[in-house]
Amino acid sequence: DAGVIQSPRHEVTEMGQEVTLRCKPISGHNSLFWYRQTMMRGLELLIYFNNNVPIDDSGMPEDRFSAKMPNASFSTLKIQPSEPRDSAVYFCASSLVARIEDYGYTFGSGTRLTVV
Amino acid sequence: AQKITQTQPGMFVQEKEAVTLDCTYDTSDQSYGLFWYKQPSSGEMIFLIYQGSYDEQNATEGRYSLNFQKARKSANLVISASQLGDSAMYFCAMREPPRDDKIIFGKGTRLHILP
């Protein structure tokens, strides 16, 4: 299995632009999570899906952030409009709830977002 | 309220020595799970070990073991015979099923292994 695939790996954009981050979870996993990592705030859970349904989006910082999971093999995190304080590494992770004790979450390589 | 507390922002340890990374947690649930992840400088998050709240024995995985003290609400990670490749950021995390499936992470401890 190729693991959790995130794209792009790096994104530099200007303030005010729309940014879309993409994630392909591991086939067969039924939960998907979006995290943001910064030096100041550490790893923050933004939103998670179970069987493609958003379960908890309480970590989404503002209405500028939105996430979708149209099917079991694809999810997007969109920021519109982007601001410099959104600069961070964004991780996508997936898991099979029944095997989480053995494998935890599997994380993607992350997208490093820089908003200038 | 912070649910996962890692009190050691950074540690320096001599190669081949054992290392203990501290983690305390806060929950009122009886059913929960504790995780440790490693994040090397390359940035990826690597799952190391899991301990369930009902597990009677401490979890072990190769050189990693989890010192689980339920009454004290601590779940310290022990790395035996440390290696240079163990230098990384280490995160303790918790999940509280069935109420909640999400994993919440602590702030992490940066471990430096000295040759």
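Residue numbers (our numbering), protein chains in the order written: chain U, 1 to 116; chain B, 1001 to 1115. Where is the CB? At the ideal position from N, CA and C, for every residue including glycine.
From this set, K1003(B), E1015(B) and D1026(B), which residue's C-alpha is nearest A1071(B)'s C-alpha?
Counted from its first residue, the second sequence places residue 1071(B) at position 71. Closest by alpha carbon: D1026(B).
Strictly below 8 Å CB to CB, what residues from chain U border D1101(B)?
Numbered from 1 along the second sequence, position 101 holds the residue referred to as residue 1101(B). By Cβ distance, chain U contributes S31, Y48, N50, I55 and V97.
Taking C-alpha atoms, which residue in P81(U), K24(U) and S73(U) lies nearest to M133(U)?
Not covered by the structure: residue 133(U). The range shown for chain U is 1 to 116.
Closer than 7 Å, Cβ to Cβ, to anything on chain B: give me those residues from the segment 104-116 of chain U, in chain order.
G104, Y105, F107, S109 and G110
Can you give me the C-alpha to C-alpha distance between V129(U) and D56(U), rounded to a whole angstrom?
There is no way to answer for residue 129(U), as the model of chain U reaches only from 1 to 116.
Who are the neighbours of Y1054(B) on chain U, taking C-beta pairs under 7 Å?
As a working mapping, residue 1054(B) is identified with position 54 in the second sequence. In chain order: nothing, as chain U lies at least about 11 Å away.
Using 7 Å as the threshold, is the C-beta distance between H29(U) and S94(U) below it?
As a position in the first sequence, residue 29(U) is number 29, starting the count at 1. As a position in the first sequence, residue 94(U) is number 94, starting the count at 1. Yes, Cβ-Cβ distance for H29(U) and S94(U) is below 7 Å.
What does a CB cutoff of less than 8 Å around P1097(B) pick up in its chain, not counting 5 residues either side in sequence?
Against the second sequence, residue 1097(B) aligns to sequence position 97. Result list for P1097(B): S1031, Y1032 and G1033, in chain order.
Suppose the cutoff is 7 Å on Cβ atoms and the five residues either side in sequence are ignored; what does the same chain contact list for L113(U) look like?
For the purposes of this step, residue 113(U) is identified with residue 113 of the first sequence, where counting begins at 1. If we look at L113(U) and ignore the five residues flanking it on each side, its Cβ neighbours are E11, V19, D86, S87, A88 and Y90.
Skipping 5 residues on each side, what residues in its chain have a beta carbon closer than 7 Å to that of S58(U)?
Translated into the one-based positions of the first sequence, residue 58(U) becomes position 58. If we look at S58(U) and ignore the five residues flanking it on each side, it has no Cβ neighbours.
Give me the chain U residues within the contact set of Y1050(B), using Cβ-Cβ distance strictly less than 9 Å, ordered along the chain.
Within the second sequence, residue 1050(B) is the residue found at index 50, counting from 1. Within chain U, the residues near Y1050(B) are I100, E101, D102, Y103 and G104.
Count the other CB atoms within 10 Å of the CB of P25(U); is the residue buried (16 or more) or exposed (fewer)?
By 1-based counting over the first sequence, the position of residue 25(U) is 25. Burial call: buried.
Paired residues, beta bridge with P54(U) - DSSP
To locate residue 54(U), count along the first sequence from 1; it is residue 54. Partner(s): F49(U).
Checking 7 Å against the spacing of the C-beta atoms, do G1106(B) and Q1006(B) come in under that value?
Numbered from its first residue, the second sequence carries residue 1106(B) at position 106. Numbered from its first residue, the second sequence carries residue 1006(B) at position 6. Going by C-beta atoms, G1106(B) is nearer than 7 Å to Q1006(B).
Excluding the five sequence neighbours on either side, which residues of its own chain have a C-beta within less than 6 Å of the C-beta of L21(U), listed in chain order?
Taking the first sequence and counting its residues from 1, the one referred to as residue 21(U) is at position 21. For L21(U), where only same-chain residues beyond five positions count, the Cβ hits under 6 Å are L77, Y90 and T111.
How is the beta strand (DSSP E) around Y90(U) delimited, first residue to last?
Along the first sequence, read from residue 1 onward, the residue named residue 90(U) stands at position 90. Note, Y90(U): beta strand (DSSP E), A88 to S95.
How far does the beta strand (DSSP E) with D1100(B) in it reach, from first residue to last?
In the second sequence, residue 1100(B) corresponds to position 100, counting from 1. Residues D1100 to F1105.
So, does the CB of K1107(B) fall closer than 7 Å to a CB anywhere in chain U?
Position 107 of the second sequence, counted from the start, is the residue given in the question as residue 1107(B). By this cut-off, K1107(B) is an interface position.
Using CA atoms only, rank isn't needed, just tell me which of L1066(B), S1041(B) and M1011(B) is closest to A1075(B).
For the purposes of this step, residue 1075(B) is taken as the residue at position 75 of the second sequence. The shortest C-alpha separation from A1075(B) is found at L1066(B).
Please report whether the beta-carbon of G42(U) lies at a distance below 7 Å from any beta-carbon of chain B.
Counting from 1 along the first sequence, the entry for residue 42(U) is found at position 42. Cβ-Cβ to chain B under 7 Å: yes for G42(U).
By DSSP, does A67(U) sit in helix, in strand, or in coil?
Position 67 of the first sequence, counted from the first residue, corresponds to residue 67(U). DSSP places A67(U) in strand when its eight states are reduced to three.
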